[in-house]
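Read through the structure below, which is laid out as C-alpha cells, and then see the notes.
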Amino acid sequence: MRVLSFLIILTCASTFAQQNLNQEFEAIESKVIEWRRDFHQHPELSNQEFKTAEKITAHLKSLGLEVQTGVAKTGVVAVLKGNHPGKVVALRADIDALPVTERNDLPFKSEVRTTFLNTETGVMHACGHDTHTAILMGVAEILSKHKEDIHGTVKFIFQPAEEGPPPGEEGGAKLMIKEGVLENPKVDAIFGLHINSETSVGTLKYKTGGIMAAVERFVITVKGKQSHGSQPWSGVDPILISAKIIDGLQTIISREANLLVEPAVITVGKITSGTRFNIIPETAELIGTVRTLDPDMKAMIIRRMTEMTQTLAKAYGGEASISFQNNTSITYNDTELVGLMLPTLKSVAGDENVKIMKATTGGEDFSYFQEIVPGFYFFLGGKTPGSTQAFPHHTPDFKIDESGLLLGVKTLTQMALDYLNQN
Ligand SMILES: [Zn+2]
Ligand SMILES: [Zn+2]
C-alpha cells in the first residue's frame, strides 16, 4: 500500500513535470524563431563566426551556465550540471554559413557579402545551421531550468566550420576534439540533428549504422614520357593511362564492392594534362572523391584504388601515385544507442512520424565525434506539409518552414533527459 501511494506520487510528479515542460516548449517557440531569424540575417562563414559566437555566449551566460569560448577558434561550449550524479551527454549544433547569395524574398533575408577564395559572394545560411543554433539555445534554456530532473551533466557544443575550414586552416569537429571538447567532463554519448528542407515538418528521419558518407578527396599523379604527338612509340602517354585508371576505378564499385551492404561512390571530378594537340604530355593529374558508408568497405576501396592506380600505370609503362585526404568520416549511428533513444523520438514526434531513411552520400563532420563516443544523428523535417516544392540545401533558394523547429527543441531536450535518467 505504501509502495503504491509512493508510486502514485512519483507518477503524479512526473506527469506534472511533463506538463510543465510542455508549457515551456510552447513558450520558447517564438524565441527560437526570433534567434533563428537574427542568425539568418547575419550569417558568418566557417571559422569566422565571431558575432554568432558572441550571441550564443551571451545567452548561455544569462542562463547561469559555465561557458567556454574560443574553442576551435569560434566554438562555444557550455556545461550544465544536474542536481543528481550521472553520465555526461553532449548536444551539438553547427553554427556556420556558406558563400551563397540568398535569392529569397524574406524580411530577414541575408544581405551580407564577402570575399571568399578571391571571389566576391553573398553569405547565407543555406544549409540551415541557423536553425540548429537557435534550437540548441532553446534546449539550453529549458534544461537549465530543470536541474532537479537531470541525473548527470549536459554539455552544449556550438561548433564552427562544419562546412569545412578555409584552405590551410584547421577547424570544425576535428579541431574541437583536438582541443578536448569530449573531455572534462568526459562525454558518454552525443546527439545531433540536421534540419531537412525536403522532409515534412513534424517528421524525424534516422538510420542505424552509416547514415552519411565518409568523404575522401583523392589526387592521382600519373607520370609518362613526353613525345611528339605523331610518334607515340617514343613516349609513354599519361592521358591513355589516366583513361585506363578511371575505367579501372569504376570496376572497384561495380565488380568488387558488395553494394548489398551499403552503396559507395568514386567520382573523378577533374583531369589536368597537356598543352596542345600534337604533344603527348609528361604528366596528368586526376582529382576526385570517394563516398563510403561502411568502415570495412571504405578500407577495401582505398586499398584497391591504390593498387589499381599503381599497377595500371606500370602495365602501360608509366608510374602513378595516389593520395587521400579525409574530409569527413562515416556518420555512424551506434546500434545500441539508437535502440535506447528510439522510444524517446517516438514519444515526442509520434510513432508514425519517426521514419527510417536511406543513407545519404553527403558528408557531415559530426562523424568525428562518433568515432570517439557513441552518437545518434538524425534529420528534422523543415518542409511545409503538403507542399510539393522543396528548396534544396546549399542553393540560393534554400528555405525552411520554421514551424518545424519546435520539434527539434523537444526532441533534443527529451533525449538528454531520458538518456541521463535511463543511465
Ligand atoms: Zn551543408
Ligand atoms: Zn549542414
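Sequential numbering of the sequence shown, starting at 1272, is according to our numbering.
We treat Cβ as the ideally placed atom computed from N, Cα and C, and that holds for glycine.
For residue i, collect the residues of the same chain with a Cβ closer than 6 angstroms to its Cβ; drop the 5 residues on either side in sequence, then sort them by chain order.
| i | result |
| --- | --- |
| Gly1409 | Ile1299, Val1303 and Val1680 |
| Phe1277 | With a pLDDT of only 46 at Phe1277, under 50, the local geometry of the prediction cannot be trusted, and no value is derived from it. |
| Glu1391 | none |
| Leu1446 | Ala1343 |
| Ser1505 | Ser1498 |
| Ser1592 | Thr1492 |
| Lys1541 | Ile1558 |
| Ala1324 | Thr1345 and Val1347 |
Alpha carbon to alpha carbon, how far is residue j from residue i? Give it in angstroms, no decimals.
| i | j | result |
| --- | --- | --- |
| Val1360 | Lys1670 | 31 angstroms |
| Lys1626 | Thr1470 | 10 angstroms |
| Ile1491 | Asn1318 | 29 angstroms |
| Phe1595 | Ile1601 | 15 angstroms |
| Ala1364 | Met1579 | 40 angstroms |
| Thr1340 | Leu1453 | 15 angstroms |
| Met1272 | Gln1693 | With a pLDDT of 46 at Met1272, under the threshold of 50, the modelled position of this residue cannot be trusted; read the value that follows with caution. About 26 angstroms. |
| Gly1423 | Gly1353 | 5 angstroms |
| Val1425 | Ser1301 | 24 angstroms |
| Asn1467 | Gly1495 | 47 angstroms |
| Arg1308 | Gly1653 | 15 angstroms |
| Glu1450 | Thr1328 | 18 angstroms |
| Ala1630 | Leu1362 | 22 angstroms |
| Ala1405 | Ile1366 | 9 angstroms |
| Leu1520 | Tyr1587 | 16 angstroms |
| Ala1535 | Phe1489 | 15 angstroms |
| Met1612 | Asp1622 | 13 angstroms |
| Asn1529 | Met1568 | 8 angstroms |
| Lys1695 | Ile1516 | Residue numbering for the chain in the displayed model covers 1272 to 1694; residue 1695 lies beyond these limits and cannot be assessed. |
| Phe1379 | Gly1443 | 27 angstroms |
| Phe1387 | Phe1310 | 20 angstroms |
| Pro1503 | Thr1582 | 21 angstroms |
| Glu1305 | Lys1617 | 27 angstroms |
| Phe1462 | Gln1289 | 21 angstroms |
| His1665 | Thr1402 | 14 angstroms |
| Phe1429 | Glu1590 | 46 angstroms |
| Thr1554 | Glu1533 | 35 angstroms |
| Ile1413 | Ala1514 | 58 angstroms |
Residue range of the beta strand (DSSP E) that residue i falls in?
| i | result |
| --- | --- |
| Ile1356 | Looking at the sequence provided, one finds Pro at residue 1356 rather than Ile. Element bounds for Pro1356: His1355 to Asp1365. |
| Phe1548 | Unbroken run through Phe1548: none, as it is neither H nor E. |
| Val1609 | Careful: Val1609 lies outside any beta strand (DSSP E), inside the alpha helix (DSSP H) at Thr1606 to Ala1620. |
| Phe1462 | Ala1460 to Ser1471 |
| Phe1649 | Gly1646 to Lys1654 |
| Leu1351 | Gly1346 to Lys1352 |
| Thr1390 | Thr1390 to Gly1393 |
| Ala1555 | Thr1554 to Thr1563 |
| Lys1476 | Leu1475 to Tyr1477 |
| Ile1671 | First-last for Ile1671: undefined, no H or E at that position. |
| Val1342 | Glu1337 to Val1342 |
| Lys1626 | Val1625 to Ile1627 |
| Val1425 | His1422 to Gln1430 |
| Ser1594 | Glu1590 to Thr1599 |
| Arg1384 | Arg1384 to Phe1387 |
For residue i, which residues of its own chain have a beta-carbon under 7 angstroms away from its beta-carbon, when the five flanking residues on both sides are left out?
| i | result |
| --- | --- |
| Gly1393 | Val1371, Thr1372, Glu1373, Ser1381, Val1383 and Arg1384 |
| Asn1375 | Asp1668 and Lys1670 |
| Thr1615 | Gln1685, Met1686 and Asp1689 |
| Thr1538 | Gly1559 and Thr1560 |
| Leu1275 | Note on Leu1275: pLDDT 49, under 50, position unreliable in the model; no value is reported. |
| Asp1459 | Lys1358, Val1359, Val1360 and Val1644 |
| Pro1437 | Ser1317 and Asn1318 |
Counting along the chain, where does the alpha helix (DSSP H) carrying residue i start and finish?
| i | result |
| --- | --- |
| Lys1449 | Gly1443 to Lys1449 |
| His1403 | His1400 to Leu1414 |
| Glu1575 | Just to set this straight, residue 1575 is Arg in the shown sequence, not Glu. From DSSP, the alpha helix (DSSP H) with Arg1575 extends over Pro1566 to Ala1586. |
| Asn1692 | Leu1676 to Gln1693 |
| Gly1481 | Here Gly1481 belongs to no alpha helix (DSSP H); instead the beta strand (DSSP E) covers Gly1480 to Met1483. |
| His1330 | Phe1321 to Ser1333 |
| Phe1640 | Phe1637 to Gln1641 |
| Ala1514 | Pro1509 to Thr1522 |
Leaving out five residues before and five after residue i in sequence, what residues of the same chain have Cβ atoms less than 8 angstroms from its Cβ?
| i | result |
| --- | --- |
| Ile1280 | Residue placement at Ile1280 cannot be trusted, given a pLDDT of 48 that sits under 50; the coordinates are not used to answer. |
| Arg1575 | Ile1523 and Glu1527 |
| Glu1635 | Glu1433, His1465, Met1483, Thr1599, Thr1602 and Tyr1648 |
| Leu1331 | Val1338, Val1347, Ala1349, Met1408, Ala1411 and Phe1427 |
| Leu1336 | Ala1349, Val1350, Leu1351, Ala1411, Ser1415 and Phe1427 |
| Lys1457 | Val1359 |
| Pro1663 | Ser1468, Glu1469 and Phe1669 |
Taking contact to mean at least 3 C-beta pairs separated by less than 8 angstroms, is the stretch 1595-1613 in contact with the stretch 1469-1476? With the cut-off at 8 angstroms, the stretch 1595-1613 and the stretch 1469-1476 do not touch.
Distance cut 6 angstroms, beta-carbon to ligand 1 heavy atom: residue list by chain order: My final list is Cys1398, Glu1434, His1664 and His1665.
Any 3 or more C-beta pairs closer than 8 angstroms across the stretch 1512-1528 and the stretch 1547-1554: In short, these stretches do not touch, since the Cβ pair count stays below three.
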